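Shown next, in structure tokens, is the structure this report addresses.
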Amino acid sequence: MQESYGIYSLLPPLIAIVLAIISRNVILSLLIGVIGGYYIMEQSVTGALWQTLLGIFSLLEKGWVVKTLIFAIFVGSIIELIRRSGGVDGFVRFLQEKKELVTDRKDAELLAFFIGLAIFIESSITSLIAGTVSRPLTDRFGTSREKLAYICDSTAAPVCTMFPLNAWGALLLGLIGSQIESGVITGEPIKLLGSALLFNFYAIFSILLVLFTILKGVKFPAYTKVDPPDIEISSRRGDLMALVVPIASLLLLVFLFLFITGGGNPLKGSGSTSVFAAVLGSVLISSVYYLIKKSMPAKEIVPAIFRGAKTMLPIAAILLFAFAIGDVTVKMGTGVYMAHFANAILNPALLPAGIFLLSAIIAFSTGTSWGTFSIMIPIAVTIAAGMGIGEGMLLPLVIAAVISGGVFGDHASPISDTTIIAAMAAGCDLIAHVKTQLPWALLAALLSLLCFILFGFLSV
453 MQESYGIYSL LPPLIAIVLA IISRNVILSL LIGVIGGYYI MEQSVTGALW QTLLGIFSLL
513 EKGWVVKTLI FAIFVGSIIE LIRRSGGVDG FVRFLQEKKE LVTDRKDAEL LAFFIGLAIF
573 IESSITSLIA GTVSRPLTDR FGTSREKLAY ICDSTAAPVC TMFPLNAWGA LLLGLIGSQI
633 ESGVITGEPI KLLGSALLFN FYAIFSILLV LFTILKGVKF PAYTKVDPPD IEISSRRGDL
693 MALVVPIASL LLLVFLFLFI TGGGNPLKGS GSTSVFAAVL GSVLISSVYY LIKKSMPAKE
753 IVPAIFRGAK TMLPIAAILL FAFAIGDVTV KMGTGVYMAH FANAILNPAL LPAGIFLLSA
813 IIAFSTGTSW GTFSIMIPIA VTIAAGMGIG EGMLLPLVIA AVISGGVFGD HASPISDTTI
873 IAAMAAGCDL IAHVKTQLPW ALLAALLSLL CFILFGFLSV
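According to the working numbering, the sequence shown is numbered sequentially starting from 453.
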């Protein structure tokens with residue numbers, strides 16, 4: 453049944469990709485791709501719309517889907533609580549008061565770098581904190597705003613994918629889990645993701661290259677001549693613990709619930725259950741802490757939770773429709789059909805490199821790594837499964853290739869939200885940031901491509 457749709461099985465993901473590039477509206481593009489797939493199968497508009505509704509409701513009946521969506525939504529609540537409580541302000545003041553920690557340009561740049569490594573809960577928050585805290589110090593010691601923007605951007609999406617106890621992790625675990633639930637591949641989502649991150653070459657090289665530019669004192673051209681207005685983060689003074697408590701509780705609870713659900717073995721734990729329980733626990737613990745410390749009045753906590761959750765609804769929609777288009781590609785046999793061609797014209801060892809290039813092009817064109825993950829992971833995994841790649845190192849390599857390609861687009865594209873926020877946080881002109889960062893991003897991409905080729909041949 454899966455193979456009977458032939459070349460038409462390529463249309464749903466192709467529609468989603470092309471529309472995402474043209475419109476830059478990932479949600480609508482995925483939805484149209486889903487409807488298009490069901491239209492091919494049902495041969496009627498009403499049938500396609502009805503099957504789309506049934507497919508979405510069927511997904512919402514699955515516990516792991518609901519838990520993943522709730523986790524993604526409530527990460528927004530945590531971010532809003534941190535912001536409204538003044539946690540970011542407390543962190544800023546703490547570092548600015550420790551003046552002995554920063555005595556020269558290298559120290560100022562390393563401060564931005566290590567802040568980026570430490571704050572991995574959300575890429576935009578990473579850039580915002582690193583840029584806001586470090587900018588007065590990098591300005592004082594003569595670092596160009598363009599280089600600060602590069603540091604902020606290179607420790608945003610790359611770091612969030614390397615330490616995925618955040619909404620990025622929820623998305624990736626959900627996408628991998630949906631392929632396991634559909635029977636395309638076998639295994640534990642969290643174990644597969646952990647293995648894939650070992651080969652997340654673009655993120656690794658991006659982080660190493662930015663550290664290289666700092667330690668070697670590489671100077672970036674300074675195009676930005678005027679200071680923009682200061683970025684307002686919150687209206688409260690706050691304290692450092694208002695930032696530490698939510699993040700630390702989230703991390704600790706994830707590990708705790710992985711241990712519990714895995715019967716003592718975190719690698720066998722339920723990723724969706726663990727992040728679901730952890731994010732709710734973190735919201736509760738943070739709220740109690742803010743009440744005790746009077747960081748926020750009780751009447752503001754619940755509205756802040758809902759306001760933060762609301763900001764993540766588009767992400768939840770992307771997740772849901774990504775799961776839906778994944779179901780469509782399985783039903784139509786997209787991966788099986790593409791695997792026939794891949795088997796004929798492509799050495800399995802070159803599959804990771806090919807997937808990386810395709811994902812990088814899509815992500816750069818759309819400016820969204822999440823949209824790229826949503827479209828490409830179901831396709832890449834089903835191609836790999838169709839080629840008989842289900843064991844060993846090659847499957848994690850293929851997943852890593854999608855992640856790396858997506859991060860490249862998020863990092864380098866001028867229409868990416870993290871690129872825009874990094875430039876804003878550093879007080880740098882957007883185009884100047886893109887121009888000065890792109891050579892380093894392309895170098896990281898080239899090194900990543902070579903590694904995917906090398907490890908692809910080593911794994912077959």
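For each residue, glycine too, the CB sits at the ideal point set by N, CA and C.
This structure is a prediction, so every number in the text was calculated from the model and none was measured.
| query | result |
| --- | --- |
| Where V782 and V518 are concerned, what is the direct C-alpha to C-alpha distance, given to the nearest angstrom? | 20 Å |
| Roughly how many angstroms separate the alpha carbons of F915 and S865, rounded to a whole number? | Residue 915 cannot be examined here, being either before or after the span of the chain that is shown, 453 to 912. |
| Confirm the yes/no value for this check: CB of I770, any heavy atom of the ligand HEM, distance under 7 Å. | The ligand HEM is not part of the structure shown, which contains no ligands of any sort. |
| Alpha carbons only, please: which of L600, T584, V636 and D605 is nearest the one belonging to S575? | D605 |
| Whose C-alpha, out of G806, A877 and P830, is nearest the C-alpha of L906? | G806 |
| For A853, which three-state DSSP category applies? | helix |
| Beta-carbon within less than 7 Å of L882's beta-carbon, same chain only, minus the 5 sequence neighbours each way: which residues are those? | P866, I872 and A875 |
| By the three-class DSSP mapping on this structure, what secondary structure does T607 have? | coil |
| Among S722, P616, S817 and G568, which one has its Cα closest to the Cα of E640? | S722 |
| Any contact of the stretch 499 to 509 with the stretch 737 to 751, i.e. 3+ C-beta pairs under 8 Å? | no |
| Write down the C-beta distance between I656 and E561 rounded to the nearest angstrom, noting that I regard them as a contact closer than 8 Å. | With a Cβ gap of about 20 Å, I656 and E561 do not count as contacting. |
| Counting pairs of Cβ atoms below 8 Å between the stretch 576 to 590 and the stretch 620 to 633, do you hit three or more? | no |
| How is P673 classed by DSSP in three states: helix, strand or coil? | coil |
| Note down, one range per segment and in chain order, each alpha helix (DSSP H) of at least 4 residues found wholly within the stretch 453 to 483. | 463 to 475 |
| State the Cα-Cα distance for the pair I522 and F728, rounded to the nearest angstrom. | 7 Å |
| Does the separation of the CB atoms of S461 and T786 fall below 8 Å? | yes |
| Between the beta-carbon of A852 and the beta-carbon of A648, is there less than 8 Å? | yes |
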